[in-house]
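Chemist:
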Amino acid sequence: MFEFFAEQVLGLLLILTVAFLPIALLVCLVKILNRLNALLHLMERFHKDLAPEEKAADRPVADLAPEEKAAKLAAALQQAGQAPLPVPEKPLPLKEEPAPLVPPPLLIREPDVETPPLVPVFEEKPLPLKEESVVEVPPPPPEEEPQPARSFGLPAAIAEQVKERMRSVKNWLLYGQFESPEESGRSAEKLLAATWLLRAGILVILFTAAFMLKLSIDRGLLGPEGRVILSYITAAVLLFFGIRLQHGVYYRLGQAILGIALVMFYFSTYALSAMYHLAPAIVAAILMVLTTIAAGFIADRFNTLAVAIIAILGGYGTPIMLSTGTKNFPGLFSYMLLLGIGVLWLAIRRGWLPLNWLSMLFCYTLYHLASAKHFSQEDFPVLMVALILFFILYSTVVFVHNVRHRLPATVLEVCALLGNAALFFSSSCLLIGKMTSERLWYSPLTLGLTVFYIAHAYLFMSRKLRDKGLVLSFLGLAAFFLALTFPVVFSARWLGAAWAMQALLMLWLGYSLNSRFLRGIAWLLFIICLERFAFHDLGGAFIFGAPAHFDVDATTFWRGFVERVVQFMVPIACLAAAARISRRPPPEGTLSVPEGSDIKERTLPFALPTALLTCGFILLFLYLNFEVYRTIGFCYLPFRPAALTALWVLTAVAVLSMFKVAEGQHIWRIFFLVLLMGILLKTFFFDFLSFGPNWRLLYVSGEFLWRDSAMRTLNFGFLVLGILYFRNFLWGHEKKLGQVCGFLWPILLFIYSTWELNTVLANRLPELMGGGISVLWGTFAFCFVYQGLKKDIPWLRYLGLGIFLFVVGKVFLYDLRRLDALYRVVAFLLFGLLLMGAAFIYLKFWKTEPKDQA
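Using my numbering, count along the sequence shown one by one with no gaps and you end on 854.
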C-alpha cells in the first residue's frame with residue numbers, strides 16, 4: 001500500500017516539475033522583457049525632454065528676442081577674435097511697462113519699447129547692418145534620408161522578405177501567432193504566458209493520460225476494449241470542446257485542446273490495432289487516414305498551424321506505428337502520395353513553410369526507411385516511380401502558394417526547391433547505383449530534370465510571372481543538370497566540346513530571351529571549358545598517357561587525329577561564335593524573361609568577350625603547336641621545323657590583323673612582340689644551331705642531303721618572308737616596329753643564304769665555293785646600293801659600297817688563286833656585271849637630279 005502511494009507521489013512530483021519548469025523560465029523571460037520595455041520608455045521620455053532645447057538652439061536669428069540676438073552677436077565676435085560689443089546692463093523689458101486698463105471692446109496697441117542700438121567700443125561708426133550676417137547661424141543642412149543597411153550576399157528586398165518570414169516563424173514559436181505583440185496590440189507577457197502554459201499543459205495532460213493508461217493496465221481496472229472506447233470518447237469530447245472554443249476569446253485554449261484530442265485519436269487507433277489487436281491493420285489505417293484528413297480540414301478552417309503539424313506527424317507516423325513487417329510498397333507509397341496531396345492543398349490555401357519542410361523531410365525519410373529494409377531489384381520500377389511522383393509533388397508544394405497569390409519567392413522557398421532537387425537526385429542515384437554501374441543509365445535522370453526545369457521556366461516566362469528567385473532557380477537547375485548529362489553520356493575526351501556547345505546555346509538563349517542570368521552562366525561555362533582545355537585536355541592528349549606517333553599504325557593515328565580536331569577545335573569555334581554573338585546580339589524573341597525576374601547588369605573592368613577570345617586564341621596556338629609537331633612528325637619528320645616556323649608566322653599574321661580593331665589593341669601588340677621574339681629564338685637556337693654551323697660558313701651536322709637543304713630553305717624562307725610582310729604591314733601603323741622588321745629581314749636572309757650556299761657548293765661544287773660566295777655577297781651589295789639610291793637612304797648605300805669593297809678584296813686576294821680556270825671566268829664575269837650594274841645605277845640616278853639637268 002505504502003509503495004503504491006510512494007509511486008504516486010514521485011509521479012506527481014515529476015509532473016509538477018515538468019509543468020512548472022517552463023513556467024518559471026517564462027516568468028524570468030517576461031521580467032527581462034518588462035525591464036527592457038521600461039528602459040526603452042525611459043530613453044524615449046529623455047529624448048522628448050531634450051527635443052525643445054534642440055529646437056530652440058536651431059531657431060533662426062530673426063525669431064530670437066533682442067537679448068538673445070545681442071548674446072549671439074557677442075559670442076560670434078568673440079569667436080572671430082574681436083572685442084565684444086557693449087551690452088546694456090539691463091534692457092528695458094516689455095513686462096515692466098504696464099499696459100493701460102481699457103474696456104474690453106476697445107483694442108489699444110501696446111507701446112513698443114525700443115532697445116538702444118549696440119555701439120562698438122573700438123570704432124566710432126556704428127556696426128554696419130550687413131555684418132549682422134556674422135551672427136546668423138546657417139540653416140541646418142537638409143536631413144539625409146537614412147540609407148538602408150546593406151545586406152551582404154542578398155539584395156535588400158530579398159533580405160527583408162527573408163527577415164519577415166523568419167520573424168513570423170519566431171513569433172509563432174514564441175507567441176503562438178504569426179504577428180508580433182506590437183502588431184496584434186497585445187501584451188507580450190500575456191501571449192508568452194498563455195502560449196507556453198498551454199503547451200506545457202498539453203504535455204502534462206498527455207503524460208497524465210499515459211500514466212492513467214499504465215495504472216489501469218497494472219490494476220486491471222478496465223479491459224482492453226474499455227480502455228480503447230474510453231480513449232475514443234475522451235478524444236471526441238475534447239475535439240468537440242476545442243472546436244467550440246475556436247469562436248471565442250479562448251481560441252488558444254481551444255487549439256491546445258484540439259491538439260490533445262488529435263493525439264489521443266492517433267494513440268487510441270494505435271492501441272486498437274498494434275497493442276491489443278482488437279481490429280485488423282487495414283481498419284486502423286483507415287481510421288488514422290480519416291483522423292489526418294479531419295485534422296487537415298480543422299487546421300485550414302481555423303487557420304491553425306499547430307494542428308496541421310500534429311496531422312503531419314500523425315499521418316507519417318501511421319505507417320510506423322501500424323507496421324506489420326511485411327513489404328507493401330504500392331500501398332505505402334499510395335498512402336504517402338495522398339498525404340502529400342493533402343499538404344499540397346494546404347500549401348495552396350495557407351502557405352505554411354514549416355509544414356511544407358516537415359512534410360518533405362518526413363516523406364523522403366520514410367521512403368528511405370522502407371526501401372532500405374525491403375529493397376530488391378524487382379521493386380526498382382515501383383521505387384523509381386514513387387520517387388518521381390514525390391519529387392514533382394513537393395517541387396510544386398514549394399512555390400504554389402506564391403504563384404497563386406502573386407507573392408515573390410524568397411530565399412526560403414528557393415532553398416526548399418534546391419533541397420527537394422538534391423534529395424531526389426541523390427536518392428535516384430543511389431537507387432540506380434544498386435541496379436547497375438554503367439554511367440549511361442544516369443543520363444535519363446539528368447535529362448529528365450533538365451526538361452522538367454526548362455518547362456517550369458517556359459511556363460513562367462510565357463505567363464509573364466515576375467518571380468526573380470524562381471525563374472533564376474529554374475534556369476540554373478536546368479543548366480546544372482544539362483551540364484551533368486555530358487559526363488555520363490560522353491567520354492572524358494568529349495566533355496569540353498559538349499560543355500562549349502552548351503555554353504554557346506545558353507548564350508544565344510540569353511540574348512534571345514533577354515536573360516542576363518543565362519548569359520552569365522554561359523560565360524562561366526566557357527571559362528570552365530578553357531580551364532579544362534588548358535590544364536586537362538592538352539596534357540592528356542599530347543603529354544601524359546598519349547601514345548607516341550611511331551607506336552601506332554596509320555588508321556589508328558588518323559582516327560585519333562580526327563578525334564583531337566573535334567575535341568579541341570569545337571570549343572574554340574564555339575568561343576569565336578560566342579564573341580561574335582556578344583558583339584552582334586540576335587534580336588530579342590517574343591518569349592523573354594520579365595525585367596523583375598533577372599539579375600542586375602554588372603559592369604566588368606574589361607571586355608569579357610575580348611578576354612575570353614584572347615585566351616581561346618592562345619590555347620588554339622598551343623594546340624596547333626602540339627598537333628603540327630605530332631602530325632608532321634608522323635607524316636614527314638624533316639619538314640617539322642619548317643612547319644612549326646610557318647605556324648608561328650601565320651599566327652603572327654593573324655595577330656597583326658587584330659591591330660585594326662581598337663578594342664584590346666595593346667594586348668595584341670604585346671602578343672605580336674612575344675611571337676616575333678619567339679620566332680627569332682626558335683629559328684636560331686632550335687633550327688639554325690641544330691645543323692652545326694661553324695666559322696667556315698658551313699653546316700657540319702652530317703652527310704649532306706638535298707632534302708635537308710630544301711627543308712632548311714623552306715624554314716628560313718618562311719621566316720624571312722614573314723618578317724618582310726610584317727615590315728610592309730607595320731610601316732603605316734607602328735613605324736618604329738616596321739623599321740626594326742625592315743632591318744631584320746635582309747640581315748637574316750644574308751646570314752642563312754651564306755651558310756646554305758656555301759654548304760651546297762662545298763659538297764657539290766667545291767671548285768666554285770669561294771667565287772659563289774663572292775657573287776652572292778655582290779648581289780646583296782648591288783641590292784643595297786640600288787635601294788639606297790632609290791629611297792635616298794645614305795647608310796644603306798654606304799653599306800652596299802662597303803660590301804663591294806670587301807668582295808673586291810676577297811676576289812683578288814683569296815678567290816683568284818683558289819678557283820679553277822673555268823669557274824674563275826664565271827665568277828669574275830658575274831661579279832664584274834654586278835659592279836657595272838652598280839655604276840650604271842649611280843649614273844642613272846645622278847642624271848635625273850635637277851642640278852645635272854640644268
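Don't be surprised by glycine CBs; every beta carbon is placed ideally from N, CA and C.
A quick note: this is a predicted structure, and the numbers were derived from the prediction, not measured.
Can you find the residues in the same chain that come closer than 6 Å, C-beta to C-beta, to F716, ignoring five residues on each side of it along the sequence?
Modeler: Hits under 6 Å: Y752.
Chemist: Using 8 Å as the threshold, is the region 555 to 567 in touch with the region 484 to 496, meaning 3 or more CB pairs across them?
Modeler: Verdict: yes, contact present.
Chemist: From which residue to which residue does the alpha helix (DSSP H) around W795 run?
Modeler: Per DSSP, W795 belongs to the alpha helix (DSSP H) from P794 to K810.
Chemist: Using three-state DSSP, classify Y266 as helix, strand or coil.
Modeler: Looking at Y266 - three-state DSSP - the assignment turns out to be helix.
Chemist: Just curious, the alpha helix (DSSP H) that W695 is in, first and last residue?
Modeler: W695 -> no alpha helix (DSSP H), and no H or E assigned at all.
Chemist: Are the region 775 to 792 and the region 728 to 741 touching, with three or more C-beta to C-beta distances below 8 Å?
Modeler: In short, these stretches do not touch, since the Cβ pair count stays below three.
Chemist: Determine the DSSP secondary structure at L513, reduced to helix, strand or coil.
Modeler: DSSP places L513 in coil when its eight states are reduced to three.
Chemist: Is the beta carbon of A294 sitting closer than 8 Å to the one on F333?
Modeler: No, the pair does not count as a contact, with Cβ atoms beyond the cut-off.
Chemist: Measuring CB atoms only, is the region 280 to 298 touching the region 307 to 319, in the sense that at least three cross pairs come out at less than 8 Å?
Modeler: Judged by Cβ distances under 8 Å, the region 280 to 298 makes contact with the region 307 to 319, as three or more pairs qualify.
Chemist: If you draw a straight line from the alpha carbon of L338 to that of V400, how long is it in whole angstroms?
Modeler: Roughly 17 Å between the two C-alpha positions.
Chemist: Does D112 come out as helix, strand or coil in the three-state DSSP assignment?
Modeler: Residue placement at D112 cannot be trusted, given a pLDDT of 43 that sits under 50; the coordinates are not used to answer.
Chemist: Put P585 into one of helix, strand or coil per three-state DSSP.
Modeler: Reduced to three states, the DSSP call for P585 is coil.
Chemist: Taking 8 Å as the cut-off, decide whether the C-beta atoms of M355 and L389 are in contact.
Modeler: Sequence inspection shows Leu at residue 355; the Met mentioned does not correspond to that position. No; because the gap between Cβ atoms is not below 8 Å, this pair is not in contact.
Chemist: Measure the alpha-carbon distance for R584 versus F659 and round it to whole angstroms.
Modeler: Answer to the nearest angstrom: the Cα atoms are 20 Å apart.
Chemist: Which of the three DSSP states, helix, strand or coil, is assigned to E734?
Modeler: Correct three-state label for E734: coil.
Chemist: Would you give the residue range spanned by the alpha helix (DSSP H) that T446 belongs to?
Modeler: It spans S443 to S462 - the alpha helix (DSSP H) in which T446 sits, taken as one unbroken run.
Chemist: Does DSSP classify S180 as helix, strand or coil?
Modeler: Reduced to three states, the DSSP call for S180 is coil.
Chemist: Is the number of C-beta pairs between the region 700 to 707 and the region 672 to 688 that are closer than 8 Å three or more?
Modeler: Segments in contact, no.
Chemist: I need the DSSP call for A839, collapsed to helix, strand or coil.
Modeler: The answer is helix: DSSP assigns A839 an H, G or I state.
Chemist: For V489, collect the residues of the same chain with a Cβ closer than 7 Å to its Cβ; drop the 5 residues on either side in sequence, then sort them by chain order.
Modeler: Contacts found: L440 and S443.
Chemist: Using 10 angstroms around the beta-carbon of R227, count the other beta-carbons present and answer buried if the total reaches 16, otherwise exposed.
Modeler: With 16 or more other Cβ atoms within 10 Å, it is buried.
Chemist: Please list, in chain order, all residues of the same chain as F750 whose beta carbon is under 7 Å from its beta carbon, the five residues on each side excluded.
Modeler: For F750, where only same-chain residues beyond five positions count, the Cβ hits under 7 Å are F780.
Chemist: Rounded to whole angstroms, what is the Cα-Cα separation between A642 and L689?
Modeler: Going from the Cα of A642 to the Cα of L689 covers about 14 Å.
Chemist: Among N303, A285 and K327, which has the Cα closest to the Cα of L350?
Modeler: Correcting the residue type first, residue 350 is Arg in the shown sequence and not Leu. Checking every option, the nearest Cα to that of R350 belongs to N303.
Chemist: Are the Cβ atoms of L776 and T759 separated by less than 8 Å?
Modeler: Not closer than 8 Å, so no.
Chemist: With a cut-off of 8 Å on the beta carbons, I'd call V552 and G469 a contact; round off their distance for me.
Modeler: About 54 Å; that fails the 8 Å criterion.
Chemist: Excluding the 5 residues flanking L656 on each side, which residues of the same chain have their C-beta closer than 6 Å to its C-beta?
Modeler: Same-chain partners within the cutoff: F729.
Chemist: Only counting the same chain, and skipping five residues up and downstream in sequence, which positions put a Cβ closer than 7 Å to that of T234?
Modeler: Correct list, in chain order: M264.
Chemist: Might you give, ordered along the chain, the residues of its own chain that have their beta carbon closer than 6 Å to the beta carbon of C615, omitting 5 neighbours on each side?
Modeler: The answer, listed in chain order, is L530.
Chemist: Using the rule of at least 16 other Cβ atoms within 10 Å of the residue's Cβ for burial, across every protein chain shown, is V863 buried or exposed?
Modeler: The shown model of the chain, from 1 to 854, leaves out residue 863, and the question about it has no answer.
Chemist: Could you work out which residue in K434, D467, V397 and P330 is closest to A372 when comparing CA atoms only?
Modeler: Minimum Cα distance to A372 is reached at K434.
Chemist: Would you kindly work out how many angstroms separate the C-alpha atoms of V471 and M321, rounded to a whole number?
Modeler: Whole-angstrom Cα-Cα distance: 41 Å.
Chemist: According to DSSP, simplified to helix, strand and coil, what is T631?
Modeler: Correct three-state label for T631: helix.
Chemist: Which of the three DSSP states, helix, strand or coil, is assigned to P766?
Modeler: Helix.
Chemist: Give the C-beta separation of K319 and V382 to the nearest angstrom, bearing in mind that I take them to be a contact with Cβ-Cβ under 8 Å.
Modeler: The question names Lys, but residue 319 is Pro in the sequence shown. No, P319 and V382 are not in contact; Cβ-Cβ is about 16 Å, not under 8 Å.
Chemist: Taking all protein chains shown into account, do 16 or more other C-beta atoms lie within 10 angstroms of the C-beta of A710, making it buried, or fewer, making it exposed?
Modeler: Label assigned to A710: exposed.
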